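Using mature numbering (1 follows the signal peptide of the UniProt record, and there is no 0), the letters of the sequence shown map in sequence onto residues -30 to -1, 1 to 447.
Quick reminder that beta carbons are idealized off the backbone N, C-alpha and C, glycines included.
Here the structure is a predicted model, which means the values were calculated and not measured.
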Amino acid sequence: MGRMALPLRAGAILFTTAVGAGLAAAPAQAAATGVVSLPAGTYEVRYTAAGKATNKVVVTRSGRTVTIDDRVRLKAGKGCKAVKGDATRVRCTFSGSSDYWTLLVNLGDRSDSLVNKTGLRMRAYGGSGNDSLQGGTLTDELFGGTGNDKVWGNGGRDHIEGNSGTDRLSGGTGHDQISGGTGDDTLWGGSGNDGLTGGSGTDALYGGSNDDDLDGGTSADLLRGDSGTDYANYWNRREAIVADLDGARGDDGAKGERDTIAGDVEGLVGGVGNDVLTGNGGPNTINGGSGADRITGGGGDDRLGGGGGRDVIDAGSGNDYVKPDFAETESGDDGPYVIDPIAADVVRGGSGVDTVDYSDRQRNSVTVDLDGATGDDGRSGEGDTVGADVENLLGTIYGDRLTGNASVNDLRGGAGNDVLLGLDGADRLWGEAGDDDLSGEDPSGVQASDQLDGGSQYSAGDLCRAFPTDVLSGCER
């Protein structure tokens, strides 16, 4: 089984254009008249709006020609032409492939509006004032600036930032990244797998349909998921987090934070502190992050990961999947390297059919049994405790020793020369790659019908210690 899918933190979407470094942010002072240009050697129409004027900009396109239409006078710069008889419109004609055509708009210092109707990518800066920005059908980067702004990404994979003020930001369709900044903001992801970050104000985050990542920031925020698999994400917190998925008002976050995580959020991600994370009656995905965490799945078929630290994981009812620790990849001078964390975790399966997974360990084999004894599981010196109410085990790519119990167990060795002992019960033993030793013997003397599958082998082949009622496959010895 592969690595647990976790929410990822996505960054800004950047356009590949010939824009100079000085145009990557709004200018300190706009010109007295708005200027539209298409500089030679670029594929970008640039509009710098007039200062001390309220701009109302609509950008349209017909074929290769883009028209900038404002309510105030415009000047045609290099590569563009004024529209005869209309001082508020300028046209620019692109060359080359439309795949590279983009727009750059810097609005002024009043409460301006901008609508992109071109079907081209756009980067736009609202500047100061209470601005209204509307993206188009492709990827847009929209920056509200200071003031109480309203921003719509519409189609495409948009990057939206509100900055200061009380902003209302909507991604629309597509997989969007939306950040509120300071102020009390409202963020809507819309359809798509969106990443919403509230910032330092008291924010309301609405994920919309599909799978969304919700990070409210540091104040009393509302996190609502809607449909899809949504995560309340505290990944960057250093203080301890207490969060649950019960939908109760004001009981989530750091001490005194008073977030509200709605009941339509399915996942939790902790930070580096000692977190307490609790699911609900549905299927949840919970990752503790670093720190000594307490994780409770509740009802439903959950996917639970401790991360680094000495964690206590109670899967609860349902058929649950548990990773006591994740392998961590860190950057070094000679490239990335993998750390197998050693932490004495406790895993309780509860009712249902539960699985504990060590398969992403990269450097060490494990010895794990399902007898519930304290501190005898994991790699050498790790001291995990895997409860007797866990039924299934997944090993590493090395030579593991996995032992079941009296229940029906499913033991998978993975790559390496593994030793698998099912003990009592009708067990399924999967040696997988390597020269494995599989035993179907039942110590009670009542031999149940076990399934022993050696899998692929090296030179010696797989040894299957079977009894007449057992079913064998891939056994060479």
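- Straight-line spacing of the CA atoms in histidine 129 and leucine 84 works out to 16 Å.
- Counting C-beta pairs with one atom in each stretch, the region 167 to 174 and the region 149 to 159 have three or more that are closer than 8 Å, which means they touch.
- Under the three-state reduction of DSSP output, tyrosine 70 falls in the helix class.
- Within the same chain, Cβ atoms closer than 6 Å to the Cβ of asparagine 100 are found at Ser81, Gly117, Asn118, the five residues on either side in sequence being excluded.
- Following the DSSP letters along the chain, one finds serine 443 inside the beta strand (DSSP E) bounded by residues 441 to 443.
- In this structure, proline 413 lies away from aspartate 440, with their beta-carbon atoms at least 8 Å apart.
- Sixteen is the threshold: when 16 or more other Cβ atoms of the shown chains lie within 10 Å of the Cβ of aspartate 182, as they do, the residue is buried.
- Rounded to whole angstroms, glycine 123 and isoleucine 38 show a C-alpha spacing of 19 Å.
- A straight line joining the alpha-carbon of threonine 88 with that of proline 9 spans about 19 Å.
- Inclusion of aspartate 284 and threonine 255 in the CB contact set at 8 Å is not warranted, their separation being larger than that value.
- Assignment of histidine 129 by DSSP, reduced to helix, strand and coil, places it in the strand class.
- Take the alpha-carbon of aspartate 407 and the one of alanine 376: they are about 19 Å apart.
- Short of 6 Å from the beta carbon of arginine 219, and not among the five residues preceding or following it, lie these beta carbons of its own chain, in chain order: Thr230.
- For leucine 442, the CB contacts under 7 Å within the same chain, skipping 5 residues up- and downstream, are Leu422, Cys434, Ala436 in chain order.
- Valine 235 and glycine 384 have their C-alpha atoms some 34 Å from each other.
- Counting the other Cβ atoms within 10 Å of the Cβ of aspartate 281 gives 16 or more, which makes it buried.
- Annotated three-state conformation of alanine 213 is strand, per DSSP.
- Buried is the label assigned to valine 36, since at least 16 other Cβ atoms lie within 10 Å of its Cβ.
- In this structure, DSSP gives tryptophan 205 a state outside helix and strand, which the three-state scheme calls coil.
- DSSP places tyrosine 291 in the uninterrupted beta strand (DSSP E) bounded by 291 to 293.
- Pairing aspartate 324 with asparagine 289 gives a Cβ-Cβ distance under 8 Å.
- At a Cβ-Cβ threshold of 8 Å, leucine 103 and leucine 112 count as neighbours.
- The continuous stretches of beta strand (DSSP E) do not include valine 360, and DSSP gives it neither H nor E.
- In terms of Cβ geometry, aspartate 263 and glycine 249 do not form a close pair [threshold 8 Å].
- Just so you know, the alpha carbons of phenylalanine 64 and alanine 46 end up roughly 15 Å apart.
- In terms of Cα proximity to arginine 138, the closest of Ser161, Gly144, Thr109, Leu175 is Leu175.
- In summary, serine 197 is exposed, with fewer than 16 beta-carbon neighbours lying within 10 Å of its beta-carbon over all protein chains present.
- Here glutamate 446 is exposed. Its C-beta has fewer than 16 other C-beta atoms within 10 Å.
- DSSP, reduced to helix, strand and coil, places glutamate 236 outside both helices and strands of the structure shown, so it counts as coil.
- Lysine 45 carries a strand assignment under DSSP once its states are collapsed to helix, strand and coil.
- Sorting Asp155, Gly135, Ser134, Ser161 by C-alpha distance to the C-alpha of glycine 141 places Ser161 at the top.
- In the structure shown, serine 140 adopts extended strand secondary structure according to DSSP, grouped into three states.
- If you check the CB distance, serine 98 and glycine 49 do not come in under 8 Å.
- Looking at the backbone, the Cα of tyrosine 204 and that of glycine 320 are separated by about 27 Å.
- Judged by their CB atoms, glycine 269 and glycine 251 are nearer to each other than the 8 Å cut-off.
- In the structure shown, the three-state DSSP call for phenylalanine 113 is strand.
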